[in-house]
Each structure stands twice: as C-alpha cells, then as structure tokens.
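Worksheet: one structure, shown below.
Protein chains in written order, with my numbering: chain A, 321 to 433; chain B, 2 to 117.
Structure representation (structure tokens):
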C-alpha cells in the first residue's frame with residue numbers, strides 16, 4: 321500500500337533560519353502530493369500541493385518539489401518566522417480510483433524568536 | 002472559500018456511553034468525507050471514507066458497528082462513537098473534498114473526545 325515517511329519528529333530553529341523538512345513516499349500509482357500545516361487547537365490546513373511529477377508547489381514562502389526520481393517531496397522555506405511554529409504533515413493521494421489519503425507522522429516545527 | 006465545521010469541539014462522555022459528532026461543509030459540495038482519529042502523538046488513523054451514493058469504506062480495525070457514519074447529502078456528515086472506552090480518546094477530524102479539487106481534503110478543527 322501507499323506510505324509516507326517523515327523522518328524528523330521535531331525541528332527547532334531560530335527566526336530567519338532555513339527550514340528543511342524531509343518527506344519521502346512509496347506508491348505504485350501516480351499520486352498527488354500535499355503538505356498540510358496544523359496549528360495548535362486547529363485542524364490541518366492545506367499548505368501546498370503538486371499533482372504532476374517534477375513540478376514545484378509554492379505557498380506563503382514555502383516550497384516543495386515533487387521528485388519522482390527520489391520519491392521525495394521535501395518542504396523548504398528560506399527564512400522561518402516564529403508564527404511558522406506548527407506541525408507539518410506530508411500527504412499522498414492516489415489519483416486513481418482508490419481514493420485514500422495517506423499522511424506522514426508529522427514534523428513539529430518550533431521557531432524561537 | 003471551502004470551510005468545514007465540526008461540532009462539538011470538545012466532549013466528555015462516560016465509559017460505555019455513545020457520542021455523536023457532526024461535520025458541515027460550507028462553500029463547496031463535499032462529494033467525499035474522510036473521518037480520521039488523531040492521536041496525542043499527532044498520528045492520523047483513517048477510520049472510514051464516505052462518498053455520496055456509494056458504500057462507506059471502513060479501514061481495518063474500524064467497523065460500522067462501532068463507528069456508524071451518516072452522509073445524507075453534499076454538505077453534511079456525522080459519525081457516532083458507540084460504547085466509548087479509554088482507547089477511543091482522541092481528536093476526530095473530518096476531511097471533505099469537492100468536485101473541483103478532487104485530491105484536496107479540507108479539514109475541520111476536530112472534535113476532541115475524552116472518556117471518563
């Protein structure tokens with residue numbers, strides 16, 4: 321079945337640091353890849369998504385490239401702010417008939433002022 | 002924009018009793034609704050997928066007898082946790098998708114269930 325792996329449980333940074341959150345996936349289909357962000361006390365919000373391999377998604381300064389070769393969808397941001405502190409989830413959706421969203425375990429980002 | 006509301010936001014029930022939670026889609030037509038449970042460690046467990054005019058598909062370890070779901074129209078879904086026990090505690094999230102963004106789930110803020 322499909323799977324999504326986020327190796328980092330927590331990332332701690334200072335404001336203006338560069339952010340990199342690792343995400344790799346496994347699937348036998350041609351998925352859509354997504355990043356969700358969850359702030360305390362809220363549900364997950366879509367941050368960005370990419371439906372086609374080798375394309376990049378960009379939103380609010382965050383970006384991720386759908387790399388079919390390395391089966392990765394890492395999230396990056398050039399300069400983080402304290403307000404970016406949240407939990408980030410990488411997700412995969414099969415574009416075929418078996419619609420079943422699969423989420424990674426999440427990476428908690430803590431940004432210190 | 003697409004919004005999903007869940008209520009109640011928090012609920013406490015006695016062990017062995019049941020609790021119903023609701024999910025309302027606003028601004029779009031929810032063709033499919035996915036119910037998840039999120040653990041304190043933030044892990045998502047998919048409970049079931051409900052698509053209008055199709056049978057509800059439950060994941061392994063989750064059954065209709067324990068988590069009956071209703072999805073009567075394109076804007077509303079509900080799920081009941083029957084005979085709740087400590088292991089049923091968690092944040093229950095409703096994610097809905099629409100016709101235009103087939104692969105994007107819009108989530109509500111969740112219903113946090115505590116069991117005494």
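Cβ coordinates follow ideal geometry from the N, Cα and C atoms, glycine included.
From a predicted model like this one, the values you see are computed outputs, not experimental measurements.
| Query | Result |
| --- | --- |
| What are the uninterrupted segments assigned as beta strand (DSSP E) that are 3 or more residues long and contained completely in the region 36 to 115 of chain B, given in chain order? | 45 to 52, 70 to 74, 77 to 82, 91 to 98 |
| What residues of chain B sit near residue 357(A), judged by a beta carbon separation below 9 Å? | Going along chain B, no residue has its Cβ under 9 Å from residue 357(A), so there is no contact; the nearest lies around 11 Å. |
| Among 26(B), 9(B), 18(B), which one has its Cα closest to the Cα of residue 2(B)? | 26(B) |
| Can you tell me whether DSSP reads residue 403(A) as helix, strand or coil? | helix |
| Give me the residue from 71(B), 65(B), 44(B), 36(B) with the minimum Cα distance to residue 53(B). | 71(B) |
| Does the count of Cβ pairs from the region 336 to 352 of chain A and the region 394 to 412 of chain A closer than 8 Å reach three? | yes |
| Since residue 91(B) and residue 108(B) are thought to touch, with beta carbons under 8 Å apart, how far apart are those beta carbons, to the nearest angstrom? | Wrong, their Cβ atoms sit about 15 Å apart, outside the cutoff. |
| Is residue 340(A) helix, strand or coil when you go by DSSP? | strand |
| Compare the C-beta of residue 110(B) with all C-beta atoms of chain A and state if any pair is closer than 8 Å. | yes |
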